[in-house]
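A.B. asks:
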Amino acid sequence: MKKRLIKKKVFYFLVASFPVLLSFAFLPSQEKTFSPDLTLERIFANREFVQESFGPAQWLADGQSYTTLEKSAEIEGAKDIVLYEGKTGRRQIMVSAASLSDPEQSKSLRVEAYSWSKDNSLLLVFTNSQRVWRQNNRGDYWVLDRTNGRLKKLGRKFEPSSLMFAKFAPSSRKVGYVYKNNLYVEEVDGDKITQLTFDGSETVINGTADWVYEEEFGLRDGFRWSPDGQHIAFFRFDTSPIQDFYLINNTDFLYPKITPIKYPKVGTKNAECKIGVVNIETGQIVWIKLPGDSRSDYYLPLMGWAQNSQEVIFQHLNRLQNTNQVMLYNILSRKLKTIFTDKDEAWVEIMDDFIWVNEGNNLLWLSEMDGWRHVYLVSFDEEPARLITPGNFDVISLAGVDRRKGWLYFLASPENATQRYLYRVKLTGKSKPERITPTTSGSHSYQISPGAELAFHYYSDFDTPPSVDLVTLPQHRVIRPMVKNELLKAKVEALDRRPAEFFKVDSGEETLDGWCLKPSDFDEQKKYPVIVYVYGEPAAQTVVDNWGGNTYLWHLFLTQRGYVVISIDNRGTPAPRGREWRKCVYRKVGILAPADQAAAVKALIKKWSWIDSSRIGVWGWSGGGQMTLNAMFKYPEIYRTGIAVAFVSDQLLYDTIYQERYMGLPEDNKEGYRDGSPINFAHNLKGNLMIIHGTGDDNVHYQSFERLTNELITCDKLFSMMVYPNRSHSISEGKNTTLHLYRTMLNFFLENLPVNSDNPHK
372 MKKRLIKKKV
382 FYFLVASFPV
392 LLSFAFLPSQ
402 EKTFSPDLTL
412 ERIFANREFV
422 QESFGPAQWL
432 ADGQSYTTLE
442 KSAEIEGAKD
452 IVLYEGKTGR
462 RQIMVSAASL
472 SDPEQSKSLR
482 VEAYSWSKDN
492 SLLLVFTNSQ
502 RVWRQNNRGD
512 YWVLDRTNGR
522 LKKLGRKFEP
532 SSLMFAKFAP
542 SSRKVGYVYK
552 NNLYVEEVDG
562 DKITQLTFDG
572 SETVINGTAD
582 WVYEEEFGLR
592 DGFRWSPDGQ
602 HIAFFRFDTS
612 PIQDFYLINN
622 TDFLYPKITP
632 IKYPKVGTKN
642 AECKIGVVNI
652 ETGQIVWIKL
662 PGDSRSDYYL
672 PLMGWAQNSQ
682 EVIFQHLNRL
692 QNTNQVMLYN
702 ILSRKLKTIF
712 TDKDEAWVEI
722 MDDFIWVNEG
732 NNLLWLSEMD
742 GWRHVYLVSF
752 DEEPARLITP
762 GNFDVISLAG
772 VDRRKGWLYF
782 LASPENATQR
792 YLYRVKLTGK
802 SKPERITPTT
812 SGSHSYQISP
822 GAELAFHYYS
832 DFDTPPSVDL
842 VTLPQHRVIR
852 PMVKNELLKA
862 KVEALDRRPA
872 EFFKVDSGEE
882 TLDGWCLKPS
892 DFDEQKKYPV
902 IVYVYGEPAA
912 QTVVDNWGGN
922 TYLWHLFLTQ
932 RGYVVISIDN
942 RGTPAPRGRE
952 WRKCVYRKVG
962 ILAPADQAAA
972 VKALIKKWSW
982 IDSSRIGVWG
992 WSGGGQMTLN
1002 AMFKYPEIYR
1012 TGIAVAFVSD
1022 QLLYDTIYQE
1032 RYMGLPEDNK
1042 EGYRDGSPIN
1052 FAHNLKGNLM
1062 IIHGTGDDNV
1072 HYQSFERLTN
1082 ELITCDKLFS
1092 MMVYPNRSHS
1102 ISEGKNTTLH
1112 LYRTMLNFFL
1122 ENLPVNSDNP
1132 HK
């Protein structure tokens, strides 16, 4: 295989930018070469392809400057918080690592996250974090007073790494946080700690969320200060109506350790959820009273303050998730009113933030009410919502607002559902969308400053690792590059590979998007085994023109072994192709998608003569694992070999919010739940199947794996299986786990989907 060389001038830049390379001690006349051959160790063990990190960077309120973390020149392993002027690049250390020295440990705090008080005089640092389900949400918080240099640890009377979601009050020197499911407020200038709720327990949760709200609504931080700092609005969950699901740890102790989880399975009761408003001075709590029962009738996925200190705004979503009401509660009059209702025959999406315009008199909202996902202007005076992004295209997400000049920035891609670009439109709705991103390839995202004059521009494409630039808006003029990823790009460029090919295929029902990775020495006159990478559920796309990290490298590694790898987005994935594309899957998850996938593969077999139809493989993770099982069981004439990882075998075993959103209630869609669940078709298995799961998976339970195992045994079907003790849904915990997982998958493909059909063990 041909080796690629990095030119001298690029190498010199890399030495200057990455001190670790100095250890190579090359002479100036030498050139550095990188191996063209991928190995599993290079990808998953040696972390050779880790990309440069940026930030976390935070725009300051002036919209012209930002702070970020950078390595300290004085303290090894520590970081300074550095202030930059956006346009000039002028740099100054705002908070040195030395000023963040823990007096008890005699070392600088490891800054994992930070936030500023309104006037930037106080800094809140999050450190020493611990994992809570998916993220490190529990840890220690410290406050640095920049006016006098005093560094104070919050909650000193509590055990280490026990505080959650600490945040400054907007107009006073106080910090609110959650400790053991109760809310507290602590004075910055003293030792006074005030407890605001007292019923927190294993089942009652104040100020954060239960398992299913966190997983499916992304709700973790569950309390909000009022703008005047006199009240806190917060969520309270009583999980006692939910049955316990038990995770069993058999390996770390002499006797098994059992961890109970309040996990609501499809059709069962949820937690009781309500919103309270507590007065900081008196401790009095007022509860927002709503009709119905939150355990069975509705959800409250988002809450905040309506740009004033008298009204709490929240989303009220019915159990079927097809009606979302935006409601206001006045804490003085105790009156409740609905200002907007979003409805759909299938499901509606919630907004993950409240974005205010026109001095807080209007709210921006994404809805598919006209058949496309568009932005609407919602008014408090109950006028009809006004469309401000007209046209036959989808708004993918909101990116920022220029309130002074009246512009809305958003991401969209009207012509190509695999890409992402920045657009803007007047908030009046009286202008045509204007594309701001100048290039016409790849995927682009933005972190826009207040005032929308500057932005961090993140870019990558399928074959190219990401870069970050600081740009002006709307001109999109690059002020300076922030992250180039030159070393990673050089390593990737040196790999033996061909560029990815994006294609379209007619399934008979719809034209579907896909991508294809081929071996570098691909020959159309030969026959190739094909591995199909699938997901296919409403939660994600696989066919997007952006950098895929280790997933891309794994698939490229397979091409170096002689496989062709393809992926296809079926109907029902969240591609920007209109409401009907996304929601035709309603009540048919696991039914329509595998049919689309199978039809597309059949069409490609006819279109591309180099596909060996006797050597078609498929693999996927989570929803993609379920898709893999449905492919193997429902279309055994197409798929020869499959690997299903961390899958749902029976949709009745998954959680209320996700499964009911797309399938409805099980008592109203018994046929859909039956026909969408692969376990009910296991008797059709003909090919080679491997199933893989972690026993500590709190998301998709090992129960799903065991039930499918029983069914395959009952049907006298031979299969392969791999179990990872105590690993979660990511199957990443523990030494050597990831490498072992991918080596297991590789060996299964090599043995059962041979690259050389004449020599299955090559």
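Take any residue in the sequence shown, count from 1 to its spot, add 371: that is its number in my numbering. Cβ atoms here follow ideal geometry from the backbone N, Cα and C, with glycine treated the same way. Computed from a predicted structure; not experimentally measured.
Going straight from the alpha carbon of residue 852 to that of residue 789, what length do you get?
C.D. replies: Going from the Cα of residue 852 to the Cα of residue 789 covers about 25 Å.
A.B. asks: I'd like the list of long-range same chain contacts for residue 1032, defined as Cβ closer than 7 Å, with 5 residues on each side in sequence excluded.
C.D. replies: Contacts found: 692 and 718.
A.B. asks: Count the C-beta pairs between the region 826-841 and the region 806-817 that are closer than 8 Å, then say yes if the count reaches three, no if not.
C.D. replies: Touching, yes.
A.B. asks: Nearest by alpha-carbon distance to residue 1024: which of 720, 628 and 1045 is it?
C.D. replies: 1045
A.B. asks: Look up residue 642 in the DSSP assignment and say whether it is helix, strand or coil.
C.D. replies: coil
A.B. asks: Quick one: what's got a C-beta closer than 7 Å to residue 924's C-beta in the same chain, skipping five residues either side?
C.D. replies: 409, 414 and 420
A.B. asks: Can you tell me whether residue 1054 is buried or exposed? The criterion is at least 16 other CB atoms within 10 Å of its CB, across all chains shown.
C.D. replies: Residue 1054 comes out exposed.
A.B. asks: Can you name the start and end residues of the beta strand (DSSP E) that residue 695 belongs to?
C.D. replies: DSSP places residue 695 inside the beta strand (DSSP E), whose first and last residues are 694-701.
A.B. asks: Is the beta carbon of residue 927 sitting closer than 8 Å to the one on residue 411?
C.D. replies: Contact flag unset, no.
A.B. asks: Mapping the DSSP letters down to three states, classify residue 874 as helix, strand or coil.
C.D. replies: strand
A.B. asks: Okay, do the region 518-531 and the region 595-608 touch, 3+ Cβ pairs below 8 Å being the bar?
C.D. replies: no
A.B. asks: So is residue 396 buried or exposed if we call it buried at 16+ other beta carbons inside 10 Å?
C.D. replies: The predicted model places residue 396 with a pLDDT of 33, which falls under 50 and marks its position as unreliable; any figure quoted below should be read in that light. When all chains shown are included, residue 396 counts as exposed.
A.B. asks: Could you check what DSSP says for residue 647 in three-state terms: helix, strand or coil?
C.D. replies: strand
A.B. asks: In chain order, what residues of the same chain lie with their CB nearer than 6 Å to the CB of residue 895, ignoring the 5 residues before and after it?
C.D. replies: Only 981 meet the Cβ criterion.
A.B. asks: Are the beta-carbon atoms of residue 614 and residue 639 separated by less than 8 Å?
C.D. replies: yes
A.B. asks: Please list, in chain order, all residues of the same chain as residue 995 whose beta carbon is under 6 Å from its beta carbon, the five residues on each side excluded.
C.D. replies: 905 and 906
A.B. asks: Once DSSP output is grouped into helix, strand and coil, what is the label at residue 1074?
C.D. replies: helix
A.B. asks: Provide the residue(s) that pair with residue 576 in DSSP beta bridges, ordered along the chain.
C.D. replies: 608
A.B. asks: Around the C-beta of residue 618, are 16 or more other C-beta atoms found within 10 angstroms, so that it is buried, or is it exposed?
C.D. replies: buried
A.B. asks: Could I get the ranges of all uninterrupted beta strand (DSSP E) runs contained in the region 408-483, with 3 residues as the minimum, in chain order?
C.D. replies: 436-442, 450-456 and 462-466
A.B. asks: Do you know how far the Cα of residue 939 is from the Cα of residue 1022?
C.D. replies: When rounded, the distance between both Cα atoms is 23 Å.
A.B. asks: Which residue from 565, 533, 564 and 641 puts its Cα closest to that of residue 583?
C.D. replies: Among 565, 533, 564 and 641, the Cα nearest to that of residue 583 is on 641.
A.B. asks: Per DSSP, what kind of secondary structure is residue 778 in: helix, strand or coil?
C.D. replies: strand
A.B. asks: What is the rounded straight-line gap between the Cα of residue 865 and the Cα of residue 406?
C.D. replies: For residue 865 and residue 406, the distance between alpha carbons rounds to 7 Å.
A.B. asks: Please return the same chain residues whose Cβ sits closer than 6 Å to the Cβ of residue 492, not counting the five positions on each side in sequence.
C.D. replies: Closer than 6 Å at the Cβ level, and outside the excluded window around residue 492, lie 517 and 518.
A.B. asks: With distances taken from CA atoms, which of 835, 854 and 834 is nearest residue 842?
C.D. replies: 854
A.B. asks: Which residues share a DSSP beta bridge with residue 818?
C.D. replies: 827
A.B. asks: Taking the alpha-carbon of residue 455 as reference, which of 963, 435 and 1098 has the nearest alpha-carbon?
C.D. replies: 435
A.B. asks: Taking only three categories from DSSP, how would you classify residue 849?
C.D. replies: strand
A.B. asks: What residue does the alpha helix (DSSP H) around residue 965 start on, and which one ends it?
C.D. replies: DSSP places residue 965 inside the alpha helix (DSSP H), whose first and last residues are 963-978.
A.B. asks: Given a cut-off of 8 Å on the beta-carbon distance, is the pair residue 902 and residue 991 in contact?
C.D. replies: no
A.B. asks: Which residue comes first and which comes last in the alpha helix (DSSP H) that contains residue 1116?
C.D. replies: Its alpha helix (DSSP H) spans residues 1108-1123.
A.B. asks: Quick one, which of 1043, 590 and 622 has its alpha-carbon nearest residue 607's?
C.D. replies: 590
A.B. asks: Quick check: what's the CA-CA separation for residue 918 versus residue 834?
C.D. replies: Rounded to whole angstroms, residue 918 to residue 834 spans 6 Å at the Cα level.
A.B. asks: Excluding sequence positions up to five away, which residues of its chain have a Cβ less than 6 Å from the Cβ of residue 572?
C.D. replies: none
A.B. asks: Out of curiosity, what's the CA-to-CA distance linking residue 747 and residue 695?
C.D. replies: 15 Å
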